[in-house]
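First comes the structure, then the notes that go with it.
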Amino acid sequence: MPLPPVTPSSPSTPASPSGPATPSTALPGATPPPRFPAGFLWGAATSAYQVEGAAAEGGRTASIWDTFCDTPGKVFGGHTGTVAVDHYHRFREDVRLMAELGLTAYRFSVSWPRVQPTGRGPAARQGLDFYRRLTDELLTAGITPVATLYHWDLPQELESAGGWPERTTAERFADYAALVGEALGDRLHHWTTLNEPWCSAFLGYGSGVHAPGRTDPVAALRAAHHLNLGHGLAVTALRGLVPAAQLSVSLNLHALRPLSPSAADRDAVRRIDAVGNRVFLGPMLEGAYPEDLLADTAHLTDWAFVRAGDPKEIQQPLDWLGVNYYTPTVVSATAEGAVPAREDGHGGGTDSPWPGADRVGFHPAPGERTAMGWAVDPTGLHQLLTGLARRHPDLPLMVTENGASYEDEVGEDGTVDDPERTAYLHAHLAAVRRAAADGADLRGYFAWSLLDNFEWAYGYAKRFGLVHVDFATQARTPKSSARWYARVARTGELRPPVGP
Ligand code: IFM
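Read in this note's numbering, the sequence shown has 154 at position 17, and its numbers run on one by one without any break.
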């Protein structure tokens, strides 16, 4: 039986009476308590390739993103992560900033090509030492480290050997997870295997707007399966090595809305839910791929790459699930009036990131927009969190990414005032609190991002940070949103943003 969509606007659930194309951004549900619970993790997140720089130091080799950035026309302005925001050298200053902001957790990712340069064999001591130093610095500052093992930077050597469409990459990933677990497991307890495997599989191998830039729908489906398998194998490896580990995965689940309440548009929701959400939730949490996904993609593949024991390997008990959310997705049954492939690959188009959903159209969601053009709508976050809580009531949740890009400017007095970002964070934290009041077991929230950084195909043109970075001098300046977030983190109280 297919898993029902995690969105309430599923074929089996009636669409909102207010009309699905113009959903109210007012939050539904119970009145939440005034404070977040004690022990709730207040964090910010980054990823290795986006912030570290030091691309050729300590024995690090090229990842697929180094190669992609060096390929003309792939990344805005020819930007690369070679220097990024120099977190590799400035991590002490950055941890001091986190402490000043009252953060109680920091989610970073470990760079696979820094730790295991060829993607196989022994670890590079210098690579592991960097993460030991970072973790120790965090612990000394009273900040809980939360490590992601894979945030898109596959060692190029593994891609040259076939990449995620090949089964061996999943096996290599489990070996790498074991190396990192052995080295850091004595001090680091919160682990996420993969960040947004949907992007790795479907933007990396489907639409090609992310590294390695391949455009092959079957390769994308194979990659999704081997990411699932890599997750399961890594969880098993870490369980054996780090008994205290709190293990998870971070998924960018799509909060879906049909353009109209018609059966056809609701079927479009079902298709995108299958290839966008349940392709990971199904095997990871329920031990099977959704039957409707197999049917939708039967013209492309028979899924023979899924071996008999794989679903069991993939479905490992998790201690929590990470949810990344930015904006909802509106779909219809036909491409008429639909937005063609958007730069970030979230639309349809010739090289689609949605195998098996060719006749689905994507439409702009209503509401104000961020600098990415993404609609601001916190009800999507509430929808995802409460949907998950209903389906998996015993699984604790953390929002492992949420945030917004705006065109921040440094004022004459050197400050950066970003009231739109503060309003965005406030509205989404209100959604988290409301979801908790409605029964979701929420344990933490991580703003994306701690620092302005390398925004993948957009290079340095989009700023998501709580802290402004001058990319020429690497000077860090906390924005007004960071000051506001610091107050919330210190008090656990969600105060409305103060006007100018
Ligand atoms: O910057 C990215 C991050 O690496 C993954 N999630 C979405 C963010 C904003 O696009």
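The C-beta atom is built at its ideal place from N, Cα and C for all residues, glycine as well.
N- and C-terminal bounds of the beta strand (DSSP E) containing residue i
i, result
"Glu538", "Leu534 to Asn539"
"Arg394", "Leu393 to Pro395"
"Val355", "Here Val355 belongs to no beta strand (DSSP E); instead the alpha helix (DSSP H) covers Pro354 to Leu378."
"Arg244", "Ala242 to Ser246"
"His129", "Here the chain covers residues 138 to 637 and nothing more, so residue 129 does not appear."
"Val604", "Val604 to Val606"
Closer than 7 Å: residue i CB and nearest the ligand IFM heavy atom
i, result
"Asn414", "no"
"Tyr565", "In the sequence as presented, Tyr is not what sits at residue 565; that position holds His. The answer is no for His565."
"Glu333", "yes"
"Ser184", "yes"
"Glu592", "yes"
"Asn461", "yes"
"Glu319", "no"
"Asn539", "no"
"Asn365", "no"
"Tyr601", "Residue identity differs from the one stated: residue 601 is Phe in this sequence, not Tyr. It does: the Cβ of Phe601 is within 7 Å (strictly closer) of some heavy atom of the ligand IFM."
"His347", "no"
"Gln650", "There is no way to answer for residue 650, as the model of the chain reaches only from 138 to 637."
"Trp621", "no"
"Trp585", "yes"
"His362", "no"
"His288", "yes"
DSSP beta-bridge partners of residue i
i, result
"Asn414", "None, per the DSSP bridge assignment."
"Tyr582", "Trp179 and Val536"
"Gly498", "Ser469"
"Trp328", "Ala284 and Leu384"
"Ala512", "Arg506"
"Arg444", "The partner list for Arg444 (beta bridge, DSSP) is empty, contrary to what the question assumes."
"Val547", "Val553"
"Leu588", "Val604"
"Leu438", "Inspection of the sequence shows that residue 438 is occupied by Thr rather than by Leu. None, per the DSSP bridge assignment."
"Thr614", "His605"
"Arg172", "Glu630"
Element boundaries [alpha helix (DSSP H), containing residue i]
i, result
"Gly517", "Thr516 to Arg528"
"Leu458", "Where Leu458 is concerned, there is no enclosing alpha helix (DSSP H), although the beta strand (DSSP E) it sits in stretches over Leu458 to Asn461."
"Trp289", "No alpha helix (DSSP H) holds Trp289; DSSP gives it neither H nor E."
"His563", "Pro556 to Ala574"
"Arg269", "Arg262 to Thr277"
"Arg251", "Trp249 to Val252"
"Ser617", "Ser617 to Thr628"
"His224", "His224 to Glu237"
"Asp429", "Glu428 to Asp433"
"Leu316", "Arg304 to Leu321"
"Trp202", "Ile201 to Cys206"
"Ser297", "Gln293 to Ser297"
"Val188", "Ala185 to Val188"
Interface flag, residue i vs chain C, CB-CB below 8 Å
i, result
"Ala560", "Any reference to chain C falls outside this structure, which holds one protein chain only."
Distance cut-off 7 Å: residue i Cβ against heavy atoms of the ligand NAP
i, result
"Leu325", "Of the ligands this structure carries, namely the ligand IFM, none is the ligand NAP."
*Specify whether the stretch 253 to 260 and the stretch 547 to 557 touch according to this definition: at least 3 beta carbon pairs, one from each stretch, less than 8 Å apart.*
By the Cβ rule, the stretch 253 to 260 does not count as touching the stretch 547 to 557, because fewer than three pairs are nearer than 8 Å.
*Would you say the stretch 187 to 200 touches the stretch 284 to 302, given that touching needs at least three Cβ pairs under 8 Å?*
Remark: three or more beta-carbon pairs, one from each stretch, lie closer than 8 Å, so the stretch 187 to 200 and the stretch 284 to 302 are flagged as touching.
*Say whether the stretch 397 to 408 touches the stretch 491 to 505, bearing in mind that this needs 3 or more beta-carbon pairs closer than 8 Å, one atom from each stretch.*
The stretch 397 to 408 makes contact with the stretch 491 to 505: 3 or more CB pairs, one atom from each, lie closer than 8 Å.
*Do the stretch 233 to 253 and the stretch 277 to 287 meet, that is, are 3 or more Cβ pairs less than 8 Å apart?*
They touch, by the three-pair rule.
*Would you call the stretch 213 to 228 and the stretch 618 to 636 in contact, with 3 or more CB pairs under 8 Å?*
Judged by Cβ distances under 8 Å, the stretch 213 to 228 makes no contact with the stretch 618 to 636, as fewer than three pairs qualify.
*How do the stretch 439 to 453 and the stretch 513 to 532 stand: do at least 3 beta-carbon pairs fall below 8 Å, yes or no?*
Judged by Cβ distances under 8 Å, the stretch 439 to 453 makes no contact with the stretch 513 to 532, as fewer than three pairs qualify.
*Any contact of the stretch 566 to 586 with the stretch 529 to 545, i.e. 3+ C-beta pairs under 8 Å?*
The stretch 566 to 586 makes contact with the stretch 529 to 545, as at least three CB pairs between them are under 8 Å.
_Is it the case that the stretch 361 to 376 contacts the stretch 299 to 312, given that we only count it when at least three CB pairs across the two stretches are under 8 Å?_
Output reads yes: the stretch 361 to 376 touches the stretch 299 to 312.
*Do the stretch 447 to 462 and the stretch 389 to 402 meet, that is, are 3 or more Cβ pairs less than 8 Å apart?*
At 8 Å Cβ cutoff, the stretches touch.
*Sufficient close CB pairs (3 or more, under 8 Å) joining the stretch 315 to 330 to the stretch 365 to 385*: Here the stretch 315 to 330 makes contact with the stretch 365 to 385; the two share three or more CB pairs at distances below 8 Å.
*Is there contact between the stretch 184 to 191 and the stretch 590 to 602, where contact requires at least three CB pairs shorter than 8 Å?*
Output reads yes: the stretch 590 to 602 touches the stretch 184 to 191.
*Is there contact here, the stretch 264 to 277 with the stretch 226 to 233, by at least three beta-carbon pairs under 8 Å?*
A contact exists between the stretch 264 to 277 and the stretch 226 to 233.
*Three or more C-beta pairs closer than 8 Å, one from the stretch 343 to 350 and one from the stretch 395 to 404: is that the case here?*
Short answer: they don't touch.
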